[in-house]
Amino acid sequence: MNNNTISILLITIVINACSQDNKQQDNDNINVQSVPSSILNSNQIDTTTTLVSGIDSVRLNYSWISDFDITNTLVNRIPTPDGFERVSSHPQSYGYWLRHIPLKEGRPNVLLYNKEEKWNQSAHVAVLDMDVDERNLQQCADAVMRLKAEFHYQKEDFSNIHFKYTSGDNIPFSKWITGKRPSVSGHEVIWKNCTSCDDTYPSFRKYMLSIFNYAGTASLEKELSPKAWTDIQIGDVVINGGSPGHAVIVLDVAIDTETDEKLFLLAQSYMPAQESHILRNPVNSELSPWYSVSEIASGPLDTPEWSFTNTSLRRFNF
């Protein structure tokens with residue numbers, strides 16, 4: 003294979019960032035039931051997949067769901083276009099975990115946090131099989147942060163679960179599990195002692211609600227490093243910080259061995275908080291649900307409900 007003719011095809015999950023104005027609340031009232039995460043050999047064809055009767059039989063751990071049908075994982079539900087192959091992703095990596103994330107069967111309607119149906123049901127092609135808390139919190143950047151944190155949590159890699167509030171204060175889960183709780187007073191964050199001291203999944207989810215409550219696209223964008231579209235990798239984030247803003251996460255990557263064309267797939271959560279869902283491509287129906295990097299080289303990245311600038315690609319530093 004000629005590496006100079008390799009193209010990369012990507013799946014991205016779009017998650018609309020939202021205003022924090024309606025999300026602020028007292029953390030004490032929130033109540034809910036080590037390996038590198040970078041993508042390795044991102045321009046190599048995937049040779050790690052185990053196929054049984056044409057199905058990728060890999061089943062990974064997703065803490066929010068106890069069982070799921072592997073035929074409904076992303077890798078089995080979203081095929082690559084003709085001429086493309088999924089790139090190699092290390093079995094211990096964030097990218098590999100995202101690639102095998104479970105989807106709901108078929109194309110169900112997207113539900114809001116209150117179980118009502120979203121007003122626009124024409125934007126998506128599939129829905130992630132991931133719960134949404136009954137509060138209006140898991141909106142845009144929140145869903146991006148949750149996916150990143152869920153990956154590290156199921157690996158017990160607690161030191162890599164940390165995000166900043168909009169105040170700039172770093173809120174690490176490793177401190178949370180020692181019984182400390184951040185208390186927000188005005189623009190100041192003070193850590194207080196708490197009787198609860200554990201690293202259980204309910205405690206982790208309560209921590210994430212705290213992050214959702216006091217973080218958003220504006221704070222998340224500052225934590226991420228800018229990247230060129232030609233260097234896009236699984237787990238990258240496309241983000242326009244603001245209030246409101248928007249954020250997306252790259253779920254998968256594939257390559258074209260002949261044309262050197264790069265493509266990606268998108269999905270999103272939005273306002274109000276709702277289920278994360280993979281988006282159709284409103285610009286190129288023949289390519290949909292995939293998107294092409296070449297289509298945004300000199301213009302915006304248009305999705306069904308958001309238009310990103312072409313300088314919006316970012317990456318987590320951990």
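Residues in the sequence shown are numbered from 3 upward in steps of one, following the working numbering. A virtual CB, placed ideally from N, CA and C, is assigned to each residue, including glycine. Owing to the predicted nature of the structure, the values given are computational and were not obtained by experimental measurement.
Helix, strand or coil, according to DSSP, for residue i in the structure here?
i	result
residue 307	coil
residue 84	coil
residue 92	coil
residue 261	coil
residue 292	strand
residue 267	strand
residue 156	helix
residue 215	helix
residue 298	helix
residue 233	helix
residue 149	helix
residue 58	strand
residue 44	At residue 44, the pLDDT of 34 sits below 50, so the modelled position is not reliable; the number obtained from the coordinates is stated separately. Coil at residue 44, not helix or strand.
Specify, as a first and last residue, the run of the alpha helix (DSSP H) that residue i falls within.
i	result
residue 321	An answer regarding residue 321 cannot be provided, because it is not within the stretch 3 to 320 covered by the chain.
residue 256	Per DSSP, residue 256 belongs to no alpha helix (DSSP H); it is in the beta strand (DSSP E), 248-258.
Using a Cβ-Cβ cutoff of less than 7 Å, which residues in the same chain neighbour residue i once the five nearest sequence positions on both sides are dropped?
i	result
residue 203	65
residue 301	312
Please work out which residues of its chain come closer than 6 Å, Cβ to Cβ, to residue i, disregarding the five sequence neighbours upstream and downstream, and give them in chain order.
i	result
residue 298	312
residue 16	Note that residue 16 has pLDDT 43, beneath the 50 cutoff, so the model's placement of it is unreliable and the number below is only indicative. Around residue 16: 250, 268, 269, 270, 281 and 305.
residue 2	With the chain represented from 3 up to 320, any question about residue 2 goes unanswered, as that position is not in the structure.
residue 178	209
residue 194	183 and 185
residue 176	160 and 161
What does residue i pair with, by DSSP beta-bridge criteria?
i	result
residue 75	104
residue 281	126
residue 226	Residue 226 is not bridged to any residue.
residue 276	114
Mind checking which residues open and close the beta strand (DSSP E) that includes residue i?
i	result
residue 184	182-187
residue 165	164-166
residue 315	315-317
residue 172	172-174
residue 239	239-242
Who are the near neighbours of residue i in its chain, counting only those whose CB is closer than 8 Å to its CB and skipping five residues on each side?
i	result
residue 239	146, 222, 226, 249, 250, 251, 252, 315, 316, 317 and 318
(request) Indicate whether the contact test is met: 3 or more Cβ pairs, each with one atom in the segment 245-255 and one in the segment 212-228, closer than 8 Å. (result) yes
(message) When you compare the segment 281-295 with the segment 138-149, are there three or more beta-carbon pairs, one atom per stretch, that lie closer than 8 Å?
(response) no
(message) Tell me whether the segment 116-127 and the segment 171-182 touch, counting them as touching only if at least three CB pairs, one residue from each stretch, are closer than 8 Å.
(response) no
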